[in-house]
Amino acid sequence: MTLHIPFDNTYVSLPNRLFSHQKPTPVRAPKLLAFNQSLADTLGITGTNDPVELARFFSGSTIPDGAEPIAQLYAGHQFGNWNPQLGDGRAVLLGESNGYDIQLKGSGPTPYARRGDGRAWLGPVLREYVVSEAMNALGIPTTRALAAVETGEEIMRERPLPGAVLTRVASSHIRVGTFQILAARQDIEGLQTLLDYAIARHYPSASTSAEFLKHVVAKQATLIAHWMSVGFIHGVMNTDNCAISGETIDYGPCAFMDAFHPGQVFSSIDRRGRYAYGNQPQIIAWNMAQLATSLLPLENNSDAAVEEFTNIINEMPGMLRRLWQDKFASKLGLSETKDSDEALISQFLAIMADQEADFTNSFRYLTDGSVPETGIETHKDFTMWHAQWAARKQEQSTTPEQVMAKSNPFIIPRNHQIEAMITQAIAGDFDLLHRLNTAFASPFSIDSAAEYLTSPPTREEKVTQTFCGT
Ligand code: AMP
Ligand code: MG
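For the working numbering, add 915 to where a residue sits in the sequence shown, where the first one is 1.
Below, the structure written as structure tokens:
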């Protein structure tokens, strides 16, 4: 038996100006580093679990039967600047299985590669593998990781580094930028086709462009509230990295915060902090405004459509505020929120910020005191805040501890642990990779083997910058 993927490819039936047929480039010596069997089961993949064979397929060296590899075209605003043409420069979509896209990332250059080599190095591939799977286990919509394969080839970055390919799974790879490129080219027919396709695939209850926009806005608002609630910073929320499905996509310089600071930025290229932790709610509204703009030509740019779309976008900050409040209220054990909870939440965040307290552990401290002190306890306002919080919890009909246990993970992928895992992997040791994957599969529980993952970085371990890894 050989690998069998029950492909049913729909994107290739769209107008062929939306993509290029592109085969992955075979690699020298593929070696399987990680394979996600439960995700493979979800996709209906059968036939082999031989690591040698899996490595050939998920490095792009052998193309599975039924695959129709393409590179997808899109454009986007990068750091607010319009880039009229992007596209998969180093990725190919093999096809779709059980409704999910299966994409190889780092599989060689495509017509959209510009000057890039079409490759990825081991670090970002393993980082995306671990972090995207951890996000999924945290209950946050995300693309998934099916496989990580080393290529046996060196690629040139600041220095020669081992090459790797990630197999990414998404409910689709349609981005805001996919709509933008068609609008910019005034390809109204293509735009309508893409809209119909995206509606059928993601929001079948929508029947107009305005309804579609509303669905995407609601999904993205939920997603960003979720990110905020675990201290996640995407780092590069360009419109080409913003999925119509509402899944987290394109893990580049992303990071989870240790010490809480609303202005936290890790990405080395985000010099002005456009994509800082606390800016994410505004940025997503900006991105949704770009989506709205790109849908307008379908309505002949009519005043009525402009007004309707504007109203949808204008409602987004309020919607996000409510979702944000619900998430943080749950973190404080409050399942029924009221307006005054916003102040209670903000005061706690201010205490954490003042003390540069660890975000994850501070909420765990409130949950069950199971972590060492984080510094919040010694803040001048903490006793008073704690009394208000205790009184507020009394008003709840649910058990606060139960609500908190489901909202406050013990562990998140901390930058220094990810970096340590990558350093080991470069040296050929994948022990930490496997240990992290095992631990992050259940972030709301802890055992002694995962206890070390609750520790914030020491001064020496602290990671202050992350990189795109392209
Ligand atoms: P990203 O910052 O990863 O979202 O990528 C932005 C654009 O650059 C996308 O069109 C990518 O496909 C492209 N790109 C990134 N890295 C490479 C590479 N090594 N080779 C070719 N294209 C790349
Ligand atoms: Mg991208």
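Ideal placement from N, C-alpha and C gives every residue a C-beta, glycine not left out.
To which residues of the same chain is residue 943 closer than 7 Å at the C-beta, ignoring the five residues directly before and after it? To locate residue 943, count along the sequence shown from 1; it is residue 28. Contacts found: 1066, 1067 and 1068.
ask   = When the Cα atoms are used, what is the spatial distance from residue 1115 to residue 924?
value = Here residue 1115 corresponds to residue number 200 of the sequence shown, with the count starting at 1. Here residue 924 corresponds to residue number 9 of the sequence shown, with the count starting at 1. If I take the Cα positions, the gap works out to 14 Å.
Next item on the list: Assign residue 1066 to one of three DSSP states: helix, strand, or coil.
Entry: Residue mapping note: residue 1066 aligns to position 151 of the sequence shown, counting from 1. Strand, per DSSP.
- Query: Excluding the five sequence neighbours on either side, which residues of its own chain have a C-beta within less than 7 Å of the C-beta of residue 1246, listed in chain order?
  - Reply: Stepping through the sequence shown from its first residue, residue 1246 is reached at position 331. Hits under 7 Å: 1144, 1278, 1319, 1322 and 1323.
Whole-Å CB distance - residue 974 paired with residue 999, under 8 Å assumed: Taking the first residue of the sequence shown as position 1, residue 974 is located at position 59. Taking the first residue of the sequence shown as position 1, residue 999 is located at position 84. At roughly 32 Å, the Cβ-Cβ gap does not stay under 8 Å, so residue 974 and residue 999 are not in contact.
(request) Please state whether DSSP places residue 1299 in a helix, a strand or coil. (result) Here the question's residue 1299 lines up with position 384 in the sequence shown. Reduced to three states, the DSSP call for residue 1299 is helix.
### Query
Helix, strand or coil: how does DSSP classify residue 1071 here?
By one-based count along the sequence shown, residue 1071 stands at place 156. Residue 1071: strand per DSSP, three-state reduction.
*Note down the Cα distance separating residue 1214 from residue 1196, rounded to an integer number of angstroms.*
In the sequence shown, the residue the question calls residue 1214 occupies position 299. In the sequence shown, the residue the question calls residue 1196 occupies position 281. The straight-line gap from Cα to Cα measures roughly 27 Å.
If distances are taken between C-alpha atoms only, which option among 1119, 1183 and 1101 comes closest to residue 1208?
Residue mapping note: residue 1208 aligns to position 293 of the sequence shown, counting from 1. Per the Cα distances, 1101.
Note to self: Can you give me the C-alpha to C-alpha distance between residue 1043 and residue 1190, rounded to a whole angstrom?
What the structure shows: For the purposes of this step, residue 1043 is taken as the residue at position 128 of the sequence shown. For the purposes of this step, residue 1190 is taken as the residue at position 275 of the sequence shown. Residue 1043 and residue 1190: Cα-Cα distance of roughly 19 Å.
Taking Cβ positions, are residue 1113 and residue 1139 nearer each other than 8 Å? Position 198 of the sequence shown, counting from 1, holds the residue named residue 1113. Position 224 of the sequence shown, counting from 1, holds the residue named residue 1139. Not a contact, by the Cβ cut-off of 8 Å.
Opening and closing residue of the beta strand (DSSP E) in which residue 1404 lies
Because the chain spans 916 through 1385 in this model, residue 1404 falls outside it and cannot be assessed.
| request: Tell me, please, whether the region 1252 to 1267 touches the region 1144 to 1164 by the rule of three or more beta-carbon pairs shorter than 8 Å. | output: The region 1252 to 1267, when compared against the region 1144 to 1164, does not touch it at the 8 Å Cβ threshold.
**Study point:** Proximity below 8 Å, CB of residue 976 to CB of residue 1086
**Key:** On the sequence shown, residue 976 is found 61 positions in, with the first residue counted as 1. On the sequence shown, residue 1086 is found 171 positions in, with the first residue counted as 1. Result no, Cβ atoms of residue 976 and residue 1086 do not sit closer than 8 Å.
Review point. Between the region 1331 to 1345 and the region 1049 to 1058, are three or more C-beta pairs nearer than 8 Å?
Key: no
**Item:** Straight-line gap, residue 1001 to residue 1280 (C-alpha atoms, nearest Å)
**Value:** Here residue 1001 refers to the residue found at position 86 of the sequence shown. Here residue 1280 refers to the residue found at position 365 of the sequence shown. So the alpha carbons of these two residues sit roughly 45 Å apart.
| query | Taking Cβ to Cβ, would you say residue 1313 is nearer than 8 Å to residue 1250? | reply | Sequence index remark: in the sequence shown, residue 1313 carries index 398 (1-based). Sequence index remark: in the sequence shown, residue 1250 carries index 335 (1-based). Yes, Cβ-Cβ distance for residue 1313 and residue 1250 is below 8 Å.
| Within 8 Å, strictly: CB atoms of residue 1170 and residue 1150 | As a working mapping, residue 1170 is identified with position 255 in the sequence shown. As a working mapping, residue 1150 is identified with position 235 in the sequence shown. Yes, the pair counts as a contact, with Cβ atoms nearer than the cut-off.
So what does DSSP say about residue 1253, is it helix, strand or coil? Start at 1 with the first residue of the sequence shown, and residue 1253 comes out as number 338. Correct three-state label for residue 1253: coil.
Worksheet item: In three-state DSSP terms, what is residue 943?
Response: Mapped onto the sequence shown, residue 943 falls at position 28. Residue 943: coil per DSSP, three-state reduction.
At which residue ranges does the region 1287 to 1375 contain complete alpha helix (DSSP H) runs of 4 or more residues, listed in the order of the chain? 1297 to 1309, 1315 to 1322, 1330 to 1341 and 1346 to 1355
task: May I have the straight-line CA-CA distance separating residue 1081 from residue 1217, to the nearest angstrom?
output: Within the sequence shown, residue 1081 is the residue found at index 166, counting from 1. Within the sequence shown, residue 1217 is the residue found at index 302, counting from 1. Going from the Cα of residue 1081 to the Cα of residue 1217 covers about 43 Å.
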